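Residue numbers (this note's numbering): 180 to 567.
All C-beta atoms in this analysis are idealised placements derived from N, C-alpha and C, irrespective of residue type, glycine included.
Because the structure is a prediction, the values reported are computed rather than measured.
In what follows, a single structure is set out as structure tokens and then discussed.
See the structure below:
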């Protein structure tokens with residue numbers, strides 16, 4: 180990717196934080212709503228060979244260099260659903276993407292969502308998101324042509340269509356990252372919190388975005404943060420940074436919210452009640468846009484990984500911390516010179532080989548704790564269905 184493209188990626192958190200990225204020209208006629216009764220307007224739906232049917236096989240590389248292959252199988256009879264809104268990945272040239280999924284949209288569903296197919300049925304609408312091109316203009320000091328209202332309206336319409344045609348009273352987990360998470364926060368506020376459908380919300384995974392919570396209530400609106408296994412109707416949210424590279428003091432994007440008296444939520448999926456824990460990561464040599472990770476990734480000396488994903492048990496731990504006004508998931512890599520495995524992990528946003536410190540490990544927010552997230556949702560599914 181070019182320098183400008185990588186720098187533009189660093190601006191994905193500005194969605195919802197900058198009104199310039201979300202403005203609509205009042206003189207422009209409103210766009211025609213999508214018809215989500217049409218199959219082609221969904222990136223993923225159950226029973227299809229689509230973006231969420233991608234191979235999730237992983238190579239497990241132990242500390243002694245021994246390897247094994249972990250196979251994956253989706254559960255076509257999963258008792259709950261998952262509804263996913265993907266982050267800013269569209270490489271379309273306009274301010275908002277079209278409705279034809281390209282490699283970035285398909286790749287991010289593979290990286291962030293398909294693995295949940297073992298515990299829930301997968302629904303992911305395509306939507307006319309604000310593009311990287313629009314954010315690049317904002318980065319260069321120009322007026323953004325991206326329409327955040329259009330992006331939200333598409334997801335809202337898809338949600339309503341899902342409830343009307345597919346839900347049938349089933350429990351549902353909301354899953355989002357970055358722009359997708361910002362949209363889901365608004366959807367919860369306007370369409371779910373305090374509404375009858377709230378009783379069907381198994382949980383909401385609001386990843387790579389600041390979820391404002393009242394510290395006294397430990398909740399977003401009326402939805403508490405998830406603090407114990409099997410808890411339902413709750414929220415898991417975090418932004419991730421390397422423990423030795425926290426958010427810079429001048430950072431205005433991740434780990435801090437603008438609402439007075441509120442703080443950014445942080446829930447560690449590997450330790451819901453708090454504290455440090457080893458996380459179960461599923462890494463890839465591809466970015467969330469499907470491009471090659473930079474720099475090139477070697478997972479272990481003299482070990483060839485031919486599967487799409489790799490697990491490195493015990494290599495990475497994480498803990499929610501509050502530091503200098505920021506709340507975030509602090510990620511620690513535990514290298515061992517005697518260990519043939521890699522001594523570091525990818526995930527930084529790079530410009531000319533240098534990480535953008537304000538954005539932490541944004542590229543792998545979801546991959547970092549994927550195994551833990553799937554496990555948490557599995558426990559929540561059991562508790563939700565048992566309580567019905």
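Spell out the partners DSSP gives residue i in its beta bridges.
| i | result |
| --- | --- |
| residue 221 | 304 |
| residue 231 | Answer is none; residue 231 lacks a bridge partner. |
| residue 261 | 301, 352 |
| residue 383 | 353, 414 |
| residue 275 | 309 |
| residue 216 | Its beta-bridge partners do not exist; DSSP assigns none. |
| residue 490 | 239 |
| residue 479 | 520 |
| residue 250 | Residue 250 is not bridged to any residue. |
Taking its Cβ as the centre, do 16 or more other Cβ atoms sit within 10 Å of residue i, making it buried, or is it exposed?
| i | result |
| --- | --- |
| residue 375 | exposed |
| residue 483 | exposed |
| residue 243 | exposed |
| residue 282 | exposed |
| residue 546 | buried |
| residue 466 | buried |
| residue 369 | exposed |
| residue 382 | buried |
| residue 200 | Caution is warranted here: a pLDDT of 42 is assigned to residue 200, below 50, making its placement in the model unreliable, and the coordinate value is therefore given only provisionally. It counts as buried. |
| residue 284 | buried |
| residue 571 | Since the first residue of the chain shown is 180 and the last is 567, residue 571 is not available in this structure. |
| residue 560 | buried |
| residue 228 | exposed |
| residue 531 | exposed |
| residue 236 | exposed |
| residue 520 | buried |
| residue 549 | buried |
| residue 319 | exposed |
| residue 477 | exposed |
| residue 438 | exposed |
| residue 339 | exposed |
| residue 361 | buried |
| residue 463 | buried |
| residue 481 | exposed |
| residue 394 | exposed |
| residue 276 | buried |
| residue 291 | buried |
| residue 544 | buried |
With distances taken from CA atoms, which of the options is nearest residue i?
| i | options | result |
| --- | --- | --- |
| residue 377 | 386, 349, 387 | 349 |
| residue 233 | 289, 246, 488, 255 | 289 |
| residue 337 | 541, 264, 470, 315 | 264 |
| residue 522 | 528, 513, 450, 529 | 513 |
| residue 355 | 301, 394, 339 | 301 |
| residue 269 | 306, 259, 250 | 306 |
| residue 327 | 440, 379, 365 | 365 |
| residue 500 | 492, 491, 510 | 510 |
| residue 502 | 477, 550, 529, 420 | 420 |
| residue 541 | 478, 565, 434 | 434 |
| residue 388 | 380, 461, 358 | 358 |
| residue 295 | 386, 565, 556 | 556 |
| residue 563 | 246, 231, 224, 260 | 260 |
| residue 332 | 315, 418, 304 | 304 |
| residue 250 | 544, 479, 517, 490 | 490 |
| residue 324 | 308, 394, 224 | 308 |
| residue 371 | 248, 222, 400 | 400 |
| residue 416 | 539, 404, 275, 238 | 404 |
| residue 529 | 473, 329, 392 | 473 |
| residue 504 | 558, 565, 425 | 425 |
| residue 257 | 516, 297, 267 | 297 |
| residue 363 | 299, 321, 262 | 262 |
| residue 293 | 402, 222, 422 | 222 |
Counting only beta-carbon separations shorter than 8 Å, does residue i have a partner in chain D?
| i | result |
| --- | --- |
| residue 434 | Absent from the structure is chain D; it holds one protein chain and no more. |
Should residue i be counted as a contact of the ligand NAD given a C-beta to heavy atom distance under 7 Å?
| i | result |
| --- | --- |
| residue 314 | In the structure shown, the ligand NAD is absent, as is every other ligand, since no ligand is present at all. |
Checklist entry - Can you find at least 3 beta carbon pairs, one from the stretch 397 to 413 and one from the stretch 422 to 440, that sit closer than 8 Å? => result no
Checklist entry - Taking the runs of the beta strand (DSSP E) that are 3 residues or longer, which of them lie wholly in the stretch 496 to 565? => result 505 to 512
Checklist entry - Does the stretch 484 to 502 come close enough to the stretch 443 to 458 that 3 or more CB-CB pairs lie under 8 Å? => result yes
Next on the checklist: Counting beta carbon pairs with one atom in the stretch 209 to 220 and one in the stretch 337 to 348, are three or more of them shorter than 8 Å?
Outcome noted: yes
Item to check | Contained beta strand (DSSP E) runs [length at least 3] in the stretch 387 to 470, N- to C-terminal order | outcome: 413 to 417, 419 to 421
Checklist entry - Where are the beta strand (DSSP E) runs, 3 residues long or more, that stay fully inside the stretch 317 to 369, in chain order? => result 351 to 356
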